[in-house]
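Undergrad: Before we start, here is the structure in question, set down as structure tokens.
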Ligand SMILES: Cc1cc2nc3c(=O)[nH]c(=O)nc-3n(C[C@H](O)[C@H](O)[C@H](O)COP(=O)(O)OP(=O)(O)OC[C@H]3O[C@@H](n4cnc5c(N)ncnc54)[C@H](O)[C@@H]3O)c2cc1C
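Numbering (this note's numbering), first residue to last: 1 to 352.
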């Protein structure tokens, strides 16, 4: 089958400056699949300090490789990234542009689509169609799935991460065409990155596992006492040892200490509402999930929507949400289970 479509996958390199991000390699897989199905030409565009070095990872696609590269693209900045993406799109003459989701390109994609007189759809989870492009996305907090077709071109599709396999072709010497970018006046200088809490980055979209913490961690335990400090230590130890990402129920993320004494600090200080999953939180994609001390409908029915394998540890044997939504429920004390799991992970780490 052949088509008049030209497919472009827009990617960028990671903080090292010379390696494509995981989301970028997922978008490349989507591009390869779509171009094969449509019989369409494929181009991969890369933005970054040393995009040419990154290109070897996708050379096996056989795609035309375009790069906006150099110091101006070393760090994310709207003006330079938008100009770089625009130049790549114009050079590629693409009609369908697949954009790797992630803060860097999500920020500029709509602006670039507008500059090219195109349209954009976001949160795309799948691309199908026979001889046409049909994009899938979810609405109403992941409860309804829609299939979108459009005639306007160029059509930008911002792909949600975790929806495609990471492209894993053999690294090869790449022939990269550097596109000429006319940079506007750059008013923003990126001086560095500041994390909210040093060493406490708990949201890891690329992790295989999501640990969901519920409000039970801060409730009175069978000994009649609260063990909040221990809860924090166990959760952080598990994240450190397993590399998991941390999700939270709303009840836990909402908690502030001190009621009455004026203190307004979160009870678990490494948690923010960015961790919250569910109807009014996020719906992350991970291969596995482990929910602990969590009873709520929203985290289990909505927040867990796209988790592959789900397990839960709850003291409540009758919790309908864990029973209904988890593949395995351990009716047990999460303090005891996680202490044992952490000890096993620690021992495993010491051996390897
Ligand atoms: C409009 C609206 C939007 C909402 N959006 C969201 C949302 O996006 N996300 C969200 O999470 N909630 C949301 N909620 C709140 C939601 O309805 C629940 O109140 C909340 O999810 C409950 O949180 P939880 O399960 O952590 O706490 P709880 O309901 O207090 O459950 C704690 C659980 O921990 C168990 N437990 C206690 N100690 C242990 C232990 N040692 N070991 C094992 N288990 C233990 C208890 O048995 C209990 O089952 C929303 C509510 C509304 C009204």
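For glycine and all other residues, C-beta sits at the position ideal for the given N, C-alpha and C.
Confirm the yes/no value for this check: CB of residue 227, any heavy atom of ligand 1, distance under 6 Å.
TA: False, no ligand heavy atom lies under 6 Å from that Cβ.
Undergrad: Whose CA, out of 106, 120 and 102, lies closest to the CA of residue 95?
TA: Comparing Cα-Cα distances from residue 95 to each of 106, 120 and 102, the minimum goes to 120.
Undergrad: Indicate the three-state DSSP secondary structure (helix, strand or coil) for residue 270 in the structure shown.
TA: Of the three classes helix, strand and coil, the one that applies to residue 270 here is coil, per DSSP.
Undergrad: For a test of the three-state rule: what should DSSP assign to residue 43, helix, strand or coil?
TA: Residue 43 falls in the strand class under three-state DSSP.
Undergrad: Could you name the residues that DSSP lists as bridge partners for residue 223?
TA: None, per the DSSP bridge assignment.
Undergrad: So, does the region 57 to 74 touch the region 153 to 165, judging by three or more C-beta pairs under 8 Å?
TA: The region 57 to 74 is not in contact with the region 153 to 165.
Undergrad: Could you tell me how far apart the beta carbons of residue 10 and residue 99 are, in whole angstroms, since I believe they sit closer than 8 Å?
TA: Rounded, the Cβ-Cβ distance is 5 Å, consistent with contact.
Undergrad: Name the DSSP beta bridge partners of residue 288, please?
TA: Note: residue 288 sits in a beta bridge opposite 209 and 309.
Undergrad: Only counting runs of 3 or more residues, tell me where the beta strand (DSSP E) segments fall wholly within the region 105 to 130, in order along the chain.
TA: The qualifying runs are 119 to 128.
Undergrad: Going by the C-beta, is residue 266 closer than 6 Å to any heavy atom of ligand 1?
TA: It does not: the Cβ of residue 266 is nowhere closer than 6 Å to a heavy atom of ligand 1.
Undergrad: Helix or strand or just coil, what does DSSP make of residue 83?
TA: The answer is helix: DSSP assigns residue 83 an H, G or I state.
Undergrad: Taking the alpha carbon of residue 298 as the point to measure from, which residue in 321, 153, 352 and 306 has its own alpha carbon closest?
TA: The option with the nearest alpha carbon to residue 298 is 321.
Undergrad: When the Cα atoms are used, what is the spatial distance from residue 15 to residue 231?
TA: Going by the C-alpha atoms only, they are around 32 Å apart.
Undergrad: Any idea if residue 149 is buried or exposed, counting beta-carbon neighbours within 10 angstroms, 16 or more meaning buried?
TA: Its Cβ having fewer than 16 others within 10 Å, residue 149 is exposed.
Undergrad: For residue 324, does the three-state DSSP call read helix, strand or coil?
TA: Here residue 324 sits in helix by DSSP.
Undergrad: Which class does residue 203 belong to by DSSP, given the choice of helix, strand or coil?
TA: Coil, per DSSP.
Undergrad: Looking at the structure shown, is residue 164 part of a helix, part of a strand, or coil, going by DSSP?
TA: In the structure shown, residue 164 sits in coil (DSSP, three-state: anything other than H, G, I, E or B).
Undergrad: Rounded to a whole number of angstroms, what is the C-alpha to C-alpha distance between residue 63 and residue 278?
TA: Residue 63 and residue 278: Cα-Cα distance of roughly 39 Å.
Undergrad: In its own chain, which residues sit with a C-beta less than 7 Å from the C-beta of residue 198, not counting the 5 before and 5 after it?
TA: Reliability fails at residue 198, whose pLDDT of 44 lies under 50, so the model's placement of it is uncertain and the value that follows must be treated cautiously. Same-chain partners within the cutoff: there are none.
Undergrad: Pull up the CB-CB distance for residue 84 and residue 181, whole angstroms please, since I reckon it's below 8 Å.
TA: Their Cβ separation, rounded to whole angstroms, is 5 Å, which keeps residue 84 and residue 181 in contact under 8 Å.
Undergrad: Decide if residue 201 is buried, meaning its Cβ has at least 16 other Cβ atoms within 10 Å, or exposed.
TA: Its Cβ having fewer than 16 others within 10 Å, residue 201 is exposed.
Undergrad: Would you say the beta carbon of residue 111 is closer than 6 Å to some non-hydrogen atom of ligand 1?
TA: Not under cutoff, so the answer is no.
Undergrad: Residues in the same chain with beta-carbon distance under 8 Å from residue 311, minus the five sequence neighbours each way, listed in chain order, please.
TA: Taken in chain order, the residues that qualify are 288, 289, 290, 291, 326, 327, 328, 329 and 330.
Undergrad: Cβ of residue 250 within 6 Å of any heavy atom in ligand 1?
TA: Yes - ligand 1 has a heavy atom lying nearer than 6 Å to the Cβ of residue 250.
Undergrad: Let me confirm a value: residue 171 is counted as buried when at least 16 other C-beta atoms fall within 10 Å, else exposed. Which label applies?
TA: With fewer than 16 other Cβ atoms within 10 Å, it is exposed.
Undergrad: Going by CA-CA distance only, name the one from 187, 143 and 191 that's closest to residue 80.
TA: Here the closest residue by C-alpha is 187.
Undergrad: Measure the alpha-carbon distance for residue 244 versus residue 127 and round it to whole angstroms.
TA: The alpha-carbon atoms of residue 244 and residue 127 are separated by roughly 29 Å.
Undergrad: Just checking my contact of residue 111 with residue 82 at CB under 8 Å: how many whole Å lie between their CB atoms?
TA: Residue 111 to residue 82, Cβ: 5 Å. Contact.
Undergrad: Ignore the nearest five residues each way along the sequence and tell me which others in residue 203's own chain have a CB closer than 8 Å to its CB.
TA: These residues qualify, in order along the chain: 245, 246, 274 and 275.
Undergrad: Look at the Cβ atom of residue 3, then the Cβ atom of residue 38, and state whether they are nearer than 7 Å.
TA: Yes, these two residues count as a Cβ contact at 7 Å.
Undergrad: Under the criterion of a Cβ to heavy atom distance below 6 Å, does residue 14 qualify as lining ligand 1?
TA: Not under cutoff, so the answer is no.
Undergrad: Beta carbon of residue 326: closer than 6 Å to some heavy atom of ligand 1?
TA: For ligand 1, not one heavy atom lies less than 6 Å from the Cβ of residue 326.
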